Each structure stands twice: as C-alpha cells, then as structure tokens.
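Heads up: the sequence shown begins at 20 in the numbering used here, then just goes up one per residue.
Worksheet: one structure, shown below.
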Amino acid sequence: MFELITQILVLVGIYFLVRFVLLTWIERRYLTWLGGLVLVLLMVLAFLDPTNKTVGSLWGVISFPLRPLGLVLILMSSSLRLGTKKVDGSQIMAALLILLISSLPLTAYLLTERTEQKPALELSQRASDRNVEAIVILGDGTTPSNPAYRLRSQLSNIADGLSVTLQSRLLYAGQLYAEQRSRGNTPLVIVSAGPQPILAQPNVTSSDVITNFLIQRAGVDSSQIRVETEGIDPRSSAIAVRQILSPGAISDNCRLYATCDNGSIQEIQGDPAVAAPRNTVELVTPALGLRRTVSTFARLNIASIPRPTDFYVFQSQAGLRLAALTDLIPSAEALVITSRVVDEYLATLYYFLRQWLTDPLGV
Numbered sequence: 020m021f022e023l024i025t026q027i028l029v030l031v032g033i034y035f036l037v038r039f040v041l042l043t044w045i046e047r048r049y050l051t052w053l054g055g056l057v058l059v060l061l062m063v064l065a066f067l068d069p070t071n072k073t074v075g076s077l078w079g080v081i082s083f084p085l086r087p088l089g090l091v092l093i094l095m096s097s098s099l100r101l102g103t104k105k106v107d108g109s110q111i112m113a114a115l116l117i118l119l120i121s122s123l124p125l126t127a128y129l130l131t132e133r134t135e136q137k138p139a140l141e142l143s144q145r146a147s148d149r150n151v152e153a154i155v156i157l158g159d160g161t162t163p164s165n166p167a168y169r170l171r172s173q174l175s176n177i178a179d180g181l182s183v184t185l186q187s188r189l190l191y192a193g194q195l196y197a198e199q200r201s202r203g204n205t206p207l208v209i210v211s212a213g214p215q216p217i218l219a220q221p222n223v224t225s226s227d228v229i230t231n232f233l234i235q236r237a238g239v240d241s242s243q244i245r246v247e248t249e250g251i252d253p254r255s256s257a258i259a260v261r262q263i264l265s266p267g268a269i270s271d272n273c274r275l276y277a278t279c280d281n282g283s284i285q286e287i288q289g290d291p292a293v294a295a296p297r298n299t300v301e302l303v304t305p306a307l308g309l310r311r312t313v314s315t316f317a318r319l320n321i322a323s324i325p326r327p328t329d330f331y332v333f334q335s336q337a338g339l340r341l342a343a344l345t346d347l348i349p350s351a352e353a354l355v356i357t358s359r360v361v362d363e364y365l366a367t368l369y370y371f372l373r374q375w376l377t378d379p380l381g382v
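If you want it as structure tokens, here you go:
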C-alpha cells in the first residue's frame with residue numbers, strides 16, 4: 020500500500036511538473052487540446068511499449084530538461100526571451116551554478132560513490148561462491164545511457180564490431196566460468212548484448228562474433244554459450260534470461276487462476292513471475308546501474324550474485340578525499356558522469372512506476 024501511495028504521489032508530481040513547464044515556457048494560445056492529447060498519448064505509449072524506438076528517441080527529447088546540460092541551455096535561452104538587451108541575470112546565474120556544480124569532478128565523485136560504489140560494495144559483500152546456473156553478461160545495448168538503440172561505443176576494430184567494454188565483460192565472464200568449472204559446475208554463459216553494430220564481414224552476425232570470442236579468448240565451451248540480441252534494457256534482458264533458464268515459465272502477459280471446489284474459477288492475485296522456478300546467476304553488469312538491475316532480475320524470480328564492472332571512479336572506501344586540485348576544476352568528463360548518474364535516477368524512477376523492481380524503495 021505504501022508503495023502504491025508513493026507511486027501515485029510521484030505521478031501527480033510529474034503531472035504538475037510538466038504542467039508548470041508548459042505554462043511557464045509556452046504561451047497559452049499554443050497549448051491546444053491537440054498538443055495535450057499528443058503528449059498524453061506519448062506518455063501512454065512509453066508505458067505500454069517502452070522498447071519502441073520512437074519512444075526511446077522521444078524520451079531523449081522529453082528528459083532533456085531534466086539533465087544538467089539541458090536545464091542549463093533552457094535557462095540561458097529563457098533569459099534571452101526579451102532580447103539580448105534585457106537579459107534575466109538571475110536565470111543566467113542559476114544556469115552558471117548548475118553547469119559549474121555538475122561539471123566538478125568532486126560532484127561526480129560524490130554522486131558515483133552513492134549510486135555506483137556503495138551499492139556495488141554492499142551487494143558484493145552479500146555475494147557467495149556457490150554454484151550458479153548461468154553467468155549473465157549485459158552488453159552495451161542494455162546500459163542506462165542507451166534508451167534509443169543509439170550505439171556510441173568505442174569498437175576494438177571494425178571487423179568484429181565488439182566494443183572494448185563488452186570485450187572486457189566477456190573476458191571477466193570467462194574468469195568466472197573457469198572458477199565455476201574448478202568447483203565442478205558447468206554453468207551457461209548468457210550474453211544479453213542488445214542490438215550490435217553492423218559488421219564489416221558479410222554473412223557474419225554479432226552472435227557469431229560473441230560466440231567465437233568466448234570460445235577462443237575466454238575459454239568457454241561452445242555448448243554452454245547462449246547469445247540473445249533483443250534485450251535493450253535490464254527488464255527485457257531479464258525476461259530473455261528467464262526464458263532461457265526456464266522455457267516453461269509463465270509469461271508476464273499471463274494471469275494465474277484457480278478452480279474452486281464449487282466449480283468456480285478465481286484469479287490468483289500476485290506476480291506470475293513468482294510461479295516460475297527460482298534461478299541463481301552471476302550477473303556481470305556496469306556498476307552504475309547495478310542495484311536497479313539486480314532488483315529487476317529479482318522481480319522475475321532470478322537471484323543474482325552481482326559482479327560489477329565499468330567503475331567510473333576509484334575512491335578510498337574509508338571516505339572521500341580530494342585526489343588533486345583538479346577535482347575542483349570543471350571538466351567535460353565530470354559533466355558526462357554526472358549526466359549518466361541523473362539518467363540512472365530517471366531510469367530507476369521509470370522502473371519504479373512500472374512496478375518492475377523488488378523492494379523499489381530500497382534501490
């Protein structure tokens with residue numbers, strides 16, 4: 020009940036925020052019923068079909084004012100609405116402060132320490148060395164900064180099309196696979212790579228490249244490799260993994276019913292995913308979205324042993340300390356990290372509203 024009330028309050032808050040922005044920055048005569056209807060339809064589509072490419076692109080536009088750089092540009096543009104001779108100094112000052120704070124490496128350290136390092140440390144401490152059914156690797160297409168299938172990864176070479184980060188995760192998965200083999204267990208290695216770049220080699224798919232890499236470079240048996248390229252976020256990847264581990268599992272689109280003694284049929288309340296067998300996997304995923312990803316898999320009855328990768332910063336666990344004077348000098352890299360943390364918060368909020376998280380208030 021408390022989660023439901025919180026979701027309602029968040030939705031009401033989003034409504035009033037959108038309403039305030041529209042009434043503040045757009046003249047009333049332009050706010051026609053058609054424009055409002057289009058906005059509502061887009062929001063409904065985003066909830067009904069979050070994997071739609073159009074929704075992903077529109078989400079990048081709609082969420083633009085919520086990111087540091089977008090908010091700065093909007094404030095600066097608004098300050099010039101009366102012309103260059105009547106600049107609103109307060110909005111310029113607000114934009115400057117937002118840009119300054121979000122571009123400080125110190126700010127990026129503080130945000131990633133809370134969003135990335137602390138959850139990774141807490142979840143890793145709970146991890147055990149027990150045998151697992153599968154080792155799951157999330158690829159570049161499932162990272163928080165890629166909601167619209169836009170691939171911006173640095174490739175190792177044009178021929179294979181594998182990104183540097185994906186290669187490092189595959190190699191790490193190979194180490195985990197070797198550890199499992201040393202204990203007498205032979206788990207599946209499932210790669211949820213997401214949409215991959217078009218390869219330069221004809222008649223060679225990204226699945227073939229990933230499989231060959233795992234066999235030749237990571238030492239994984241070919242019979243234990245499963246590659247799926249449909250997962251574009253933790254939710255769709257978790258669904259694909261569950262279908263591989265439990266092919267007969269109940270779909271989210273199904274409902275549970277029971278036949279009573281009197282012959283009547285009643286619906287059983289609860290998440291259909293809970294009816295599926297509980298699976299245990301080692302989850303190789305970027306540290307920034309680790310907590311949301313683990314919670315998403317748990318929602319689908321998949322217990323995850325987190326194996327975080329791709330840390331942005333490396334600070335002492337004893338506390339945050341300035342590494343150098345440059346931590347107080349704004350940089351583009353710090354702005355990128357801050358923006359990605361904000362993206363992760365927005366993604367977590369969306370997952371919370373969709374009820375895709377287990378213990379969402381603890382994420």
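We put the CB at the ideal spot given by N, CA and C, even for glycine.
Small disclaimer: the values here were computed from a predicted structure and weren't measured.
Determine the burial state of residue 362: buried for a count of at least 16 other Cβ atoms within 10 Å of its Cβ, exposed for fewer. buried
DSSP beta-bridge partners for residue 157? 211
Under the three-state reduction of DSSP, which class applies to residue 189: helix, strand or coil? For residue 189, the secondary structure class from DSSP, reduced to helix, strand or coil, is helix.
For residue 249, which of helix, strand or coil comes out of DSSP? coil
Three-state secondary structure assigned by DSSP to residue 82: coil
How long is the line joining the alpha carbons of residue 1 and residue 189, rounded to whole angstroms? Because the chain here runs from 20 to 382, residue 1 falls outside it and cannot be looked at.
Going straight from the alpha carbon of residue 356 to that of residue 59, what length do you get? 31 Å
Counting along the chain, where does the alpha helix (DSSP H) carrying residue 323 start and finish? Note, residue 323: premise wrong, no alpha helix (DSSP H); beta strand (DSSP E) at 321-328.
Put residue 99 into one of helix, strand or coil per three-state DSSP. coil
Could you tell me which residues DSSP puts in a beta bridge with residue 298? Paired residue(s): 321.
Mind the definition here: the stretch 192-209 touches the stretch 240-259 only if three or more C-beta pairs lie below 8 Å; say whether that holds. yes
Any idea what DSSP makes of residue 106, helix, strand or coil? coil
Using 10 angstroms around the beta-carbon of residue 316, count the other beta-carbons present and answer buried if the total reaches 16, otherwise exposed. By the Cβ neighbour-count rule, residue 316 is buried, with 16 or more other Cβ atoms within 10 Å of its own.
Please name the residue in 131, 124, 182 and 199 whose C-alpha comes closest to that of residue 153. 199
7 Å Cβ shell around residue 257 - same chain, five flanking residues per side excluded: Excluding sequence neighbours, residue 257 sits near 315, 316, 319 and 321.
With burial defined as no fewer than 16 other Cβ atoms inside 10 Å of the residue's Cβ, what is the status of residue 252: buried or exposed? buried
Nearest-angstrom Cα distance between residue 27 and residue 372? 9 Å
From 132, 370, 84 and 63, pick the residue whose C-alpha is nearest to that of residue 360; which is it? 132
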